[in-house]
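Before any comments, here is the structure.
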Amino acid sequence: MAHLTKTVVEAAAAPQVGQTFIRDDEIKGFGLRVIAAGGKSFVFEGRIKGRMRRITIGRYPDVTVALARQKALEIRASTGRGEDPAEARILQKHEPSFGVLAERYLHDYAISHKKPRSVADDKYYFAHYIPSGWRTRRLSDITRTDIEQLHSRVARDHGKYPANHAVRLMRHMFNLGRDWKMLRNDNPAARIKLFKEQRR
235 MAHLTKTVVE
245 AAAAPQVGQT
255 FIRDDEIKGF
265 GLRVIAAGGK
275 SFVFEGRIKG
285 RMRRITIGRY
295 PDVTVALARQ
305 KALEIRASTG
315 RGEDPAEARI
325 LQKHEPSFGV
335 LAERYLHDYA
345 ISHKKPRSVA
355 DDKYYFAHYI
365 PSGWRTRRLS
375 DITRTDIEQL
385 HSRVARDHGK
395 YPANHAVRLM
405 RHMFNLGRDW
415 KMLRNDNPAA
425 RIKLFKEQRR
């Protein structure tokens, strides 16, 4: 064992054949793997759901020692909660995009639950107020900051009423996304403070 530092990692010699491991003396399960070709990568080894697993954190020097230590602590914490980081990565890889949720919202909810005028309004908002670049972004990549910026931009360019409606639309859509098991994170539009509206 050794305390993995930049000096230790750079000094680690490659084995003549196969691979060798240097375990960190502070973070249990964290280590450095060195292969015969000279490549070095950080790994985490631990028992996940009853099975011993080895997870590759990243290659050195693409991933620094400090970042690798941080990731190792995150992985250890998640495995302690009974989570499987590998499964989480698979779920993230196959996570639906914002565009997929928007289409399902329109076809599976709006058309059957809202009046035609309201459906037309929703389509107008998607076409004119919601950034087109969001369509290809994963749902978990849409953040509270994104929604707040959308709120401010629509208010600046079109007024407070459309801005508030845009946030309400996003909030409702993301709530449905959670009900449909499409959204893994919290609703990014939840608890966004709306502009005060005067009665028309």
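Be aware that the sequence shown starts at 235, since it is given in our numbering, and climbs by one per residue. We put the beta carbon where it would ideally sit given N, CA and C, even for glycine. Please read all numbers here as calculations on a predicted model, not as lab measurements.
The residues V243, L266, K274, S275, F276 and A302, in chain order, have a CB closer than 8 Å to that of Y294 in the same chain once the five nearest residues on each side in sequence are set aside. Judged by DSSP in its simplified three-state form, Q253 adopts strand. For L335, the enclosing alpha helix (DSSP H) begins and ends at F332 to R338. The region 384-398 and the region 334-354 do not touch, with fewer than 3 CB-CB distances between them shorter than 8 Å. Residue pairing by DSSP puts F264 in a beta bridge opposite F278. Here A306 really is in contact with F278; their C-beta atoms are around 5 Å apart, less than 8 Å.
Nearest in C-alpha terms to L417, of all of R371, Q253, E308 and K262, is R371.
Taking 8 Å as the upper bound for CB-CB distance, A344 and F360 are not in contact here, some 10 Å apart. Counting only runs of 4 or more residues that sit fully inside the region 349-396, the alpha helix (DSSP H) segments are 350-362 and 378-392, in chain order. Around the beta carbon of D413, fewer than 16 other beta carbons sit within 10 angstroms, so the residue counts as exposed.
The C-alpha of I376 lies about 22 Å from the C-alpha of E308. Only buried fits P422, as 16 or more other CB atoms lie within 10 angstroms of its CB.
Excluding sequence positions up to five before and after P365, its CB lies within less than 8 Å of the CB of L384, all in the same chain and listed in chain order. In the DSSP assignment, R293 falls within the unbroken beta strand (DSSP E) covering R285 to Y294. Around the beta carbon of Y358, a 10 Å sphere encloses fewer than 16 other beta carbons of the protein chains shown; the residue is thus reported as exposed.
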